[in-house]
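Numbering (the numbering used here), first residue to last: 153 to 219.
Dropping the structure here:
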């Protein structure tokens, strides 16, 4: 899971093929610089390890905030 350092929006690795490739090639102690779907711009992202239930809870919270 990636967290945008600008808007703090979460994105799962499996939701974006570019992020999956970035995650597979990620060196330790590295914040990838990639497009944020929420900001619609390039920003650095933090890599977070999360379970499927954590991710589903976060997605529900983000959807609530959009309404």
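In this text, a Cβ means the ideal position worked out from N, Cα and C, and glycines have one as well.
Query: Residues that residue 154 bridges to, as DSSP identifies them; Result: 163 and 199
Query: In DSSP terms, what residue 194 is bridged to; Result: 187
Query: Of the listed residues 187, 161 and 157, nearest to residue 213 (C-alpha basis); Result: 161
Query: Inter-residue Cα distance where the pair is residue 206 and residue 191; Result: 22 angstroms
Query: Cut-off 6 angstroms between Cβ atoms - residues of its own chain near residue 187, not counting five sequence neighbours on either side; Result: 194
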